[in-house]
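These notes concern the structure reproduced below.
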Amino acid sequence: MNTDKSISGLIKNYKYGYSLEQAFYKSQEIYDREIENIFLKNWILAGHTSQIPNPGDYFLFEFDKESIIITRTKKDEVKALINVCRHRGSHVCLNKEGNTTAFTCPYHAWSYDLEGTLIAARIMSNDFEKSENGLHQAHVELVGGQIYISLAEEPLSLKGMQEDLADVFDQYGFDHMKLVEQRTYPIEANWKLAVENYQECYHCAPSHLDYAKIHALALAPKKFQPMKDKFLKENTSNIRTKASPYYFDLAKEGDEGYQYDRNPLLKGIKSGSRDGKPVAPLLGKVNEYGNGASEFSVGPTTYYLIYDDHMVGFRFLPTSLNTCIADVFWFVRGDAIKGKDYDLEELLWLWHVTILDDEKIIIDNKKGVDSHFYAPGKLSEMEMMEQHFLNWYLKALS
Amino acid sequence: MNTDKSISGLIKNYKYGYSLEQAFYKSQEIYDREIENIFLKNWILAGHTSQIPNPGDYFLFEFDKESIIITRTKKDEVKALINVCRHRGSHVCLNKEGNTTAFTCPYHAWSYDLEGTLIAARIMSNDFEKSENGLHQAHVELVGGQIYISLAEEPLSLKGMQEDLADVFDQYGFDHMKLVEQRTYPIEANWKLAVENYQECYHCAPSHLDYAKIHALALAPKKFQPMKDKFLKENTSNIRTKASPYYFDLAKEGDEGYQYDRNPLLKGIKSGSRDGKPVAPLLGKVNEYGNGASEFSVGPTTYYLIYDDHMVGFRFLPTSLNTCIADVFWFVRGDAIKGKDYDLEELLWLWHVTILDDEKIIIDNKKGVDSHFYAPGKLSEMEMMEQHFLNWYLKALS
Amino acid sequence: MNTDKSISGLIKNYKYGYSLEQAFYKSQEIYDREIENIFLKNWILAGHTSQIPNPGDYFLFEFDKESIIITRTKKDEVKALINVCRHRGSHVCLNKEGNTTAFTCPYHAWSYDLEGTLIAARIMSNDFEKSENGLHQAHVELVGGQIYISLAEEPLSLKGMQEDLADVFDQYGFDHMKLVEQRTYPIEANWKLAVENYQECYHCAPSHLDYAKIHALALAPKKFQPMKDKFLKENTSNIRTKASPYYFDLAKEGDEGYQYDRNPLLKGIKSGSRDGKPVAPLLGKVNEYGNGASEFSVGPTTYYLIYDDHMVGFRFLPTSLNTCIADVFWFVRGDAIKGKDYDLEELLWLWHVTILDDEKIIIDNKKGVDSHFYAPGKLSEMEMMEQHFLNWYLKALS
Numbered sequence: 251m252n253t254d255k256s257i258s259g260l261i262k263n264y265k266y267g268y269s270l271e272q273a274f275y276k277s278q279e280i281y282d283r284e285i286e287n288i289f290l291k292n293w294i295l296a297g298h299t300s301q302i303p304n305p306g307d308y309f310l311f312e313f314d315k316e317s318i319i320i321t322r323t324k325k326d327e328v329k330a331l332i333n334v335c336r337h338r339g340s341h342v343c344l345n346k347e348g349n350t351t352a353f354t355c356p357y358h359a360w361s362y363d364l365e366g367t368l369i370a371a372r373i374m375s376n377d378f379e380k381s382e383n384g385l386h387q388a389h390v391e392l393v394g395g396q397i398y399i400s401l402a403e404e405p406l407s408l409k410g411m412q413e414d415l416a417d418v419f420d421q422y423g424f425d426h427m428k429l430v431e432q433r434t435y436p437i438e439a440n441w442k443l444a445v446e447n448y449q450e451c452y453h454c455a456p457s458h459l460d461y462a463k464i465h466a467l468a469l470a471p472k473k474f475q476p477m478k479d480k481f482l483k484e485n486t487s488n489i490r491t492k493a494s495p496y497y498f499d500l501a502k503e504g505d506e507g508y509q510y511d512r513n514p515l516l517k518g519i520k521s522g523s524r525d526g527k528p529v530a531p532l533l534g535k536v537n538e539y540g541n542g543a544s545e546f547s548v549g550p551t552t553y554y555l556i557y558d559d560h561m562v563g564f565r566f567l568p569t570s571l572n573t574c575i576a577d578v579f580w581f582v583r584g585d586a587i588k589g590k591d592y593d594l595e596e597l598l599w600l601w602h603v604t605i606l607d608d609e610k611i612i613i614d615n616k617k618g619v620d621s622h623f624y625a626p627g628k629l630s631e632m633e634m635m636e637q638h639f640l641n642w643y644l645k646a647l648s
Numbered sequence: 251m252n253t254d255k256s257i258s259g260l261i262k263n264y265k266y267g268y269s270l271e272q273a274f275y276k277s278q279e280i281y282d283r284e285i286e287n288i289f290l291k292n293w294i295l296a297g298h299t300s301q302i303p304n305p306g307d308y309f310l311f312e313f314d315k316e317s318i319i320i321t322r323t324k325k326d327e328v329k330a331l332i333n334v335c336r337h338r339g340s341h342v343c344l345n346k347e348g349n350t351t352a353f354t355c356p357y358h359a360w361s362y363d364l365e366g367t368l369i370a371a372r373i374m375s376n377d378f379e380k381s382e383n384g385l386h387q388a389h390v391e392l393v394g395g396q397i398y399i400s401l402a403e404e405p406l407s408l409k410g411m412q413e414d415l416a417d418v419f420d421q422y423g424f425d426h427m428k429l430v431e432q433r434t435y436p437i438e439a440n441w442k443l444a445v446e447n448y449q450e451c452y453h454c455a456p457s458h459l460d461y462a463k464i465h466a467l468a469l470a471p472k473k474f475q476p477m478k479d480k481f482l483k484e485n486t487s488n489i490r491t492k493a494s495p496y497y498f499d500l501a502k503e504g505d506e507g508y509q510y511d512r513n514p515l516l517k518g519i520k521s522g523s524r525d526g527k528p529v530a531p532l533l534g535k536v537n538e539y540g541n542g543a544s545e546f547s548v549g550p551t552t553y554y555l556i557y558d559d560h561m562v563g564f565r566f567l568p569t570s571l572n573t574c575i576a577d578v579f580w581f582v583r584g585d586a587i588k589g590k591d592y593d594l595e596e597l598l599w600l601w602h603v604t605i606l607d608d609e610k611i612i613i614d615n616k617k618g619v620d621s622h623f624y625a626p627g628k629l630s631e632m633e634m635m636e637q638h639f640l641n642w643y644l645k646a647l648s
Numbered sequence: 251m252n253t254d255k256s257i258s259g260l261i262k263n264y265k266y267g268y269s270l271e272q273a274f275y276k277s278q279e280i281y282d283r284e285i286e287n288i289f290l291k292n293w294i295l296a297g298h299t300s301q302i303p304n305p306g307d308y309f310l311f312e313f314d315k316e317s318i319i320i321t322r323t324k325k326d327e328v329k330a331l332i333n334v335c336r337h338r339g340s341h342v343c344l345n346k347e348g349n350t351t352a353f354t355c356p357y358h359a360w361s362y363d364l365e366g367t368l369i370a371a372r373i374m375s376n377d378f379e380k381s382e383n384g385l386h387q388a389h390v391e392l393v394g395g396q397i398y399i400s401l402a403e404e405p406l407s408l409k410g411m412q413e414d415l416a417d418v419f420d421q422y423g424f425d426h427m428k429l430v431e432q433r434t435y436p437i438e439a440n441w442k443l444a445v446e447n448y449q450e451c452y453h454c455a456p457s458h459l460d461y462a463k464i465h466a467l468a469l470a471p472k473k474f475q476p477m478k479d480k481f482l483k484e485n486t487s488n489i490r491t492k493a494s495p496y497y498f499d500l501a502k503e504g505d506e507g508y509q510y511d512r513n514p515l516l517k518g519i520k521s522g523s524r525d526g527k528p529v530a531p532l533l534g535k536v537n538e539y540g541n542g543a544s545e546f547s548v549g550p551t552t553y554y555l556i557y558d559d560h561m562v563g564f565r566f567l568p569t570s571l572n573t574c575i576a577d578v579f580w581f582v583r584g585d586a587i588k589g590k591d592y593d594l595e596e597l598l599w600l601w602h603v604t605i606l607d608d609e610k611i612i613i614d615n616k617k618g619v620d621s622h623f624y625a626p627g628k629l630s631e632m633e634m635m636e637q638h639f640l641n642w643y644l645k646a647l648s
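Chains as they are written, first to last, in the working numbering: chain W, 251 to 648; chain E, 251 to 648; chain Z, 251 to 648.
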């Protein structure tokens with residue numbers, strides 16, 4: 251039995267092939283370190299450029315104790331401004347979204363332009379330097395219209411991913427998608443229970459009846475693997491099939507982890523919908539409904555599932571030790587017209603019901619993990635991706 | 251003044267004859283130790299066999315962070331299964347009660363039979379031993395139909411009590427009672443304030459007008475003692491009067507503490523009811539309304555008050571440092587018919603109003619104990635049972 | 251960068267001219283020390299004698315974990331009794347206000363007279379001394395009808411203030427005011443953010459449009475100072491204009507800090523009201539509407555704004571680390587008749603809307619201060635009073 255309850259002791263005594271010790275889900279000290287070592291360091295999906303088409307447009311991206319203004323400048327650049335006044339710390343921007351020429355703090359009227367530069371501060375002494383008091387900023391990187399931010403001083407590199415997956419972004423038309431819906435699902439559990447849930451499809455067959463009618467990934471490996479082999483062999487789609495498994499502990503040194511893979515859907519299924527039929531026009535340059543779907547992920551908290559006709563984004567973020575949120579984003583090609591080219595409710599259906607299932611599962615998981623009688627349990631081979639997450643997580647925490 | 255604020259310092263500096271220092275009610279560290287040393291060790295009332303008459307019947311018993319499935323097996327045994335999947339810790343059983351042949355985890359479908367044995371786990375490696383992955387279990391002991399559980403590895407003995415009180419259980423017909431109502435009263439206070447409240451009748455006269463019209467125990471000792479002497483002398487009831495004062499620090503080494511005692515009711519009173527009249531048929535082999543009531547307790551959290559015609563059970567359990575629940579159970583003889591032999595509302599009346607009074611008292615007690623100006627106060631001789639509780643508690647915490 | 255996160259390290263590394271480090275707003279350890287060093291030591295406004303005109307009248311004054319009974323004795327003295335029974339700590343008085351001859355604990359009926367003396371405790375042993383078990387008491391000092399209490403063993407002196415400001419209390423008729431309304435505004439933020447907000451009028455122009463139409467203090471110093479010079483020069487009011495700036499770190503050794511000052515209102519303004527017109531009869535011996543208003547404060551949490559025709563009191567108190575309350579008291583001369591001499595809604599209007607603005611500002615301030623990216627910012631010259639508060643606060647915490 252592991253009696254060293256320090257963080258380093260807990261990390262050192264982790265048993266490969268098993269789930270985590272309870273302390274990782276209940277310790278405020280560990281949570282605080284996760285914020286420092288993961289959420290203030292790795293790249294996070296902040297939103298999509300279609301949310302801020304015009305200069306001066308902005309929206310707030312918030313998690314844990316942080317609020318960040320994502321805005322488009324007059325030079326048409328995307329900036330991520332920390333929403334904390336450099337005077338006495340008030341939130342500067344209170345609206346969730348809007349259009350403005352400057353952000354003026356509601357407390358003492360310090361005013362910042364769209365670049366975050368302090369442009370007005372009344373009645374300050376002569377030795378006060380406005381140039382040194384601009385809003386703090388996060389790094390921003392765009393992948394097509396996907397806006398990622400990093401709150402690190404020196405962010406991990408996304409360059410390798412951008413080059414490696416340029417063909418994927420081009421084929422799916424990342425530059426020309428639009429966000430048609432974002433929904434936030436609050437979950438009363440530690441964020442890792444939500445991320446771990448997303449990493450494995452061992453639970454798909456028993457828990458997600460609707461997903462399991464669409465995705466081959468819900469099958470046991472001995473059925474899935476031959477189906478995937480056949481899928482790759484007979485493939486006529488122009489979408490890339492070559493995988494890039496650089497996720498979690500498989501990431502290259504200095505790079506943010508990422509993954510790309512293409513997997514079969516069940517026989518006759520064209521898209522992730524109620525009945526497997528298409529729910530929107532083909533994305534980008536996609537040549538046909540190819541009976542597959544692509545997985546794409548960036549960093550530890552952002553995941554995409556790309557069907558031939560729409561893309562679903564997932565983002566998991568902590569709000570406190572015992573609470574997190576799952577955000578889901580739905581994208582279609584930019585010129586698709588609502589009501590004509592796609593029915594919004596049909597588009598949303600599969601992942602809305604699936605995430606509601608997950609919310610319930612994760613909360614019941616949390617209740618048991620809280621028990622004095624919880625102990626790490628053995629993982630299935632269908633939970634290998636979760637194992638990679640755990641390997642990476644324990645290293646990130648160190 | 252006590253300046254050593256460590257747990258051992260606080261225990262060492264306890265002043266006999268006084269209430270506890272504030273820290274015992276406000277320290278999370280002390281609370282955590284109470285869970286370990288008391289609630290995961292002593293016997294607790296989990297429920298009654300009349301709740302699970304048939305094989306496959308089950309109900310959940312929950313407190314603090316624990317959930318335990320109380321179930322009847324095909325061999326007609328009662329089992330207490332820890333409701334935590336051995337895989338990744340999810341609650342396995344989500345329904346509060348029901349009937350089943352197996353408990354299948356809603357997350358990854360690991361399945362356990364009524365004995366808690368793991369009978370199915372999909373897609374696990376060859377070295378995985380199902381036989382080593384059954385649900386953890388609590389010890390179970392039945393006293394008549396009363397189901398007690400102990401979460402200890404080596405539970406305290408209940409054998410002495412079973413032998414000592416066999417005549418009591420027989421006279422009252424413990425084997426043939428049925429549970430007709432259970433109510434849960436949440437209280438915004440540390441659990442010890444609720445247990446201490448139950449230990450003493452010093453508050454009965456000022457706080458419980460209805461109780462005080464029924465029970466001689468609400469009287470001052472100098473009035474109560476002669477009344478009890480007379481009651482014992484003139485007694486014609488066949489119910490045992492010999493006391494067994496093995497509670498708290500008076501328990502025998504290695505045994506769970508327990509108490510039996512029989513006390514007079516006020517003149518003309520036959521039962522614990524609105525007007526002192528009977529509210530149900532005589533229990534078991536009881537020969538007459540004997541103008542008395544028996545006290546029976548098991549361990550630190552389970553108490554019974556047995557009138558000649560019905561029994562009321564009380565259970566106090568922590569839900570967090572600052573919250574607890576009082577559960578009240580009402581029992582009548584098993585063949586009594588509702589509406590004919592007893593009126594449920596009349597049966598419940600006295601203890602429903604009395605516990606509501608207590609709930610209020612305990613919360614007002616907590617508010618004052620939270621003050622910087624609270625200090626341990628001197629106990630009355632009517633609080634000697636509370637003194638025994640405190641003696642035991644401080645030793646249990648050590 | 252400050253890496254010493256101990257309280258003394260944080261205090262030592264405070265940078266003069268800047269706001270506080272985040273830890274001062276988020277550390278439970280610092281909060282606990284604030285309670286000990288400030289709220290259990292400095293004088294606090296408890297209420298007004300017009301709330302307890304007759305012997306036996308009482309009301310409860312409550313903050314953080316404390317409840318104090320403010321009562322008038324048969325000898326016509328005001329007492330502050332700690333509402334914690336000396337037996338097992340229950341709140342003794344449960345009603346928010348009333349009239350009584352004794353306070354009898356609802357738990358075990360220990361009874362205390364209006365002086366706090368224990369007059370009855372049933373069934374206690376012979377060695378129990380009632381005389382040693384009276385309710386704990388706070389020190390009480392009256393300033394006119396204003397009731398201040400100190401929970402310190404040895405309170406700071408208010409004598410200097412009483413002598414210095416005797417003329418002010420006489421002119422405004424402190425002895426003959428009445429409290430006509432008290433409202434409590436809960437704020438989801440650390441109490442210091444509320445007190446700091448009250449210390450500076452740098453935020454008045456951008457945040458308080460209604461206040462800024464009335465008070466010259468909302469102007470920039472370069473406009474305010476000449477206006478104040480002119481106001482003092484042309485003054486014909488009989489209200490004292492000489493300032494007493496003995497607040498916070500400017501208090502005399504051993505004395506509670508206090509302030510008196512008189513400042514101009516904007517041109518044509520007679521009172522703090524919706525339109526600047528009078529809202530009540532002139533206070534005390536005030537000879538005219540003098541186009542000014544006086545500031546008066548006692549200790550760190552009690553502030554008054556005295557218009558010629560009414561007085562508004564402000565009190566800021568913590569309820570937990572992350573919550574506080576602002577209480578606002580409105581006073582008029584004692585013989586003014588509601589509906590005839592003053593319209594209550596008009597009287598309340600300005601400060602009701604102003605405090606609602608502040609509540610919002612303070613909460614948005616708290617949100618930003620919670621961020622990892624908050625850092626102390628440079629104060630404006632309009633925040634000098636806040637600087638005095640911070641100087642005093644850091645010393646008080648030491």
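Glycine included, C-beta positions come from ideal geometry on N, C-alpha and C. Keep in mind the model is a prediction, meaning the values are calculated, not measured.
- Listed in chain order, the positions of the region 325-340 of chain W with a beta carbon within less than 9 Å of a beta carbon of chain Z are I332, N333, V334, C335, R336, H337, R338, G339, S340.
- Taken through DSSP and simplified to helix, strand or coil, D377(Z) comes out as coil.
- Secondary structure remark: continuous beta strand (DSSP E) runs of at least 3 residues inside the region 408-464 of chain E, in chain order: 427-437.
- In terms of Cβ geometry, S630(W) and I369(E) do not form a close pair [threshold 8 Å].
- Within a 10 Å sphere around the beta-carbon of L364(E) sit 16 or more other beta-carbons, which makes this residue buried.
- In the three-state reduction of the DSSP assignment, A388(W) falls in the strand class.
- L597(W) and H358(E) have their alpha carbons spaced roughly 27 Å apart.
- At a beta-carbon threshold of 7 Å, the residues of chain E lying near H453(W) are Y357, H358, ordered along the chain.
- Rounded to whole angstroms, L606(W) and L600(W) show a C-alpha spacing of 10 Å.
- Neighbours of D614(W) in chain E, taken as residues whose beta carbon is under 8 Å from its own, are S340, H341, L344, P356, Y357 in chain order.
- For T573(Z), the closest of D505(Z), Y452(Z), F313(Z) by C-alpha to C-alpha distance is F313(Z).
- Note that the C-beta distance between A466(E) and C454(E) is not below 8 Å.
- Under the Cβ criterion of 8 Å, E316(E) is counted among the residues facing chain W.
- For R283(Z), there are no C-beta contacts with chain E under 7 Å, since the nearest C-beta of that chain is about 13 Å from it.
- Annotated as distal: G297(E) and R322(E), with beta-carbon spacing of 8 Å or more.
- A Cβ of chain E is located within less than 8 Å of the beta carbon of V619(W).
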